[in-house]
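Notes for the one structure printed next.
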Amino acid sequence: MQKIPSVDLQQFLSNNPSNKQAFVSQIGNAFSNIGFVALKGHFLSDELIDELYQEIKNFFNLPQEIKDKYEIDGLGGQRGYTSFGKESAKGKKEGDLKEFWHFGQYVDKNEVLSEALQKVLIPNIIVEELPNFNKVGKEVYQQLEKTAKYVLRALAIFLELEETYFDEYIHNGNSILRPIHYPPIQTEPKGAVRAAAHGDINLITLLMGAQGKGLQVQNLQGDWIDAIAQPDELMINVGDMLSRLTNNKLKSTIHQVINPPKELWGTSRYSIPFFMHPVPTMDLTCLDNCVSANNPKKFEDITAGDFLFERLKELGLIK
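Letter 103 of the sequence shown, counting from 1, is numbered 103 in full-length UniProt numbering, and no numbers are missing.
Right, dumping it as structure tokens:
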């Protein structure tokens with residue numbers, strides 16, 4: 001596959017069964033072959049997207065000493081600010097050429113949570129200098145979470161599960177919205193890129209800001225393909241948790257963000273992925289219907305919480 005397929009969520013949301021099934025087949029086949037799709041018909045408005053970009057530019061333009069006060073020790077980077085070069089890809093010593101912010105789950109204050117969830121759900125960090133920053137972040141988070149829910153419902157049908165199979169696992173899940181700033185490159189990077197080749201940890205990732213060149217996806221033949229979405233599209237990919245659950249029927253694809261040509265080093269790049277995580281107690285044991293004589297079980301049993309902890313240590317975010 002040499003091109004990222006494009007799909008329209010409105011097909012799945014329509015009352016037409018054949019349209020719904022067409023979407024299920026399209027996204028299921030794409031995730032089985034390359035692990036990526038470009039998705040239109042999502043729940044984000046152009047106005048909301050523009051608002052968020054303005055707010056994150058406002059934040060990353062703050063003086064470094066102000067940003068630094070929002071980098072909180074002991075959270076493993078799960079909320080608030082992570083400074084430039086702090087995160088590295090699995091197996092890489094060089095830090096990625098980026099800084100980022102994390103918005104996390106928003107729980108209804110009237111909802112009674114289990115003891116296990118109370119332990120892992122971390123409050124969001126409020127930026128005092130930008131009164132609109134957290135408000136817009138919360139709205140985008142919730143619209144992307146809603147979009148992801150329907151994508152997972154389509155994948156449940158593709159996997160011959162109940163359509164709502166994932167609903168209980170993603171409700172109050174440990175999902176993250178991550179606005180990223182790749183600052184202008186000042187000097188020749190010594191082996192570092194904006195985001196080194198990696199797979200995502202989670203169930204699925206929904207990426208805003210993939211309209212320009214930079215993001216590349218590795219297909220099954222090992223070729224790097226430019227992944228460029230249209231202005232009204234999100235780029236969506238399979239994460240390692242979903243790959244494990246489906247015994248690699250759905251592919252978690254290696255991808256990277258390469259450095260721009262030298263003439264564009266003086267420009268910033270922004271992208272905003274939403275990492276859809278389940279609750280930490282979700283069992284990622286390979287589904288029975290994804291294991292066969294032709295496709296034997298490839299992964300050890302593990303919970304989502306334990307898998308996330310392992311990977312955060314590998315990324316250098318937990319010591």
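Think of the CB as a built atom: it goes at the ideal place given N, C-alpha and C, for glycine as much as any other residue.
How should Asp-288 be labelled, buried or exposed, when 16 other C-beta atoms within 10 angstroms of its C-beta is the threshold for buried? With fewer than 16 other Cβ atoms within 10 Å, it is exposed.
Compare the Cα-Cα distances from Glu-99 to each of Tyr-70, Glu-162, Gly-137 and report the closest residue. Tyr-70
What are the complete alpha helix (DSSP H) segments, minimum 4 residues, inside the stretch 46-106? Within the stretch 46-106, the complete alpha helix (DSSP H) runs of at least 4 residues are 46-60, 64-68.
If we ignore side chains and look at the alpha-carbon of each, how far apart do Gln-218 and Val-238 end up? Looking at the two C-alpha atoms, the distance is approximately 13 Å.
Going by alpha carbons, who is nearest to Ile-126 out of Leu-264, Tyr-106, Gln-216? Tyr-106
Whole angstroms are fine: how far does the CA of Lys-135 sit from the CA of Ser-25? 36 Å
Over the uninterrupted alpha helix (DSSP H) stretch that includes Asn-237, give me the two end residues. Bounds of any alpha helix (DSSP H) do not take in Asn-237; it lies within the beta strand (DSSP E) bounded by 234-238.
Secondary structure at Val-112, three-state DSSP: helix, strand or coil? coil
For the stretch 128-145 and the stretch 3-12, state whether three or more C-beta atom pairs, one from each stretch, are separated by less than 8 Å. no
Would you decide whether residue 335 is buried or exposed? Buried here means 16 or more other CB atoms lie within 10 Å of its CB. With the chain covering 1 to 319 only, the question about residue 335 has no answer from this structure.
Name the two residues that bound the continuous alpha helix (DSSP H) containing Tyr-165. Tyr-165 -> no alpha helix (DSSP H), and no H or E assigned at all.
Over what stretch of residues does the beta strand (DSSP E) that includes Val-217 continue unbroken? 215-218
Grab me the residues of Lys-20's own chain with a C-beta within less than 6 Å of its C-beta, minus the 5 sequence neighbours each way, in chain order. Phe-12
Per DSSP, which one or two residues make a beta bridge with Ala-38? Ser-6, Met-235
Distance check for Ile-170 and Phe-36, CA to CA, integer angstroms please. 20 Å
Compute the beta-carbon to beta-carbon distance between Thr-205 and Phe-275, rounded to the nearest angstrom, for a pair I have assumed lies under 8 Å. 5 Å
So who's on the other strand from Leu-207, going by DSSP bridges? Met-235, Pro-273
So, with DSSP's three-state summary, where would you put Ile-27? helix
On the DSSP letters alone, give me the boundaries of the alpha helix (DSSP H) that Gln-186 sits inside. Looking at the DSSP string, Gln-186 is not in any alpha helix (DSSP H), and its letter there is neither H nor E.
Just how far apart, CA to CA, sit Ile-180 and Ser-18? 38 Å
Can you grab the Cα-Cα spacing for the pair Leu-312 / Thr-147, in whole Å? 26 Å
Roughly how many angstroms separate the alpha carbons of Thr-281 and Met-241, rounded to a whole number? 13 Å
Beta-bridge pairing of Tyr-182 - partner residues as DSSP gives them: Arg-269
Between which two residues does the alpha helix (DSSP H) carrying Gln-143 extend? 133-158
Exposure label - Glu-233; buried when at least 16 CB within 10 Å: buried
Alpha carbon to alpha carbon, what distance is there between Gln-54 and Glu-163? 37 Å
Would you mind stating whether Pro-278 and Arg-178 have Cβ atoms separated by less than 7 Å? The Cβ atoms of Pro-278 and Arg-178 do not sit closer than 7 Å to each other.
So, under 8 Å CB-CB, Ile-56 and Tyr-270 are touching, yes? Tell me the CB distance rounded to an integer number of Å. That belief holds up - the Cβ atoms of Ile-56 and Tyr-270 are roughly 6 Å apart, short of 8 Å.
According to DSSP, simplified to helix, strand and coil, what is Ile-170? helix
Would you report the Cα separation of Lys-213 and Val-112, rounded to the nearest angstrom? 45 Å
In angstroms with no decimal places, state the Cα-to-Cα distance between His-255 and Ile-236. 12 Å
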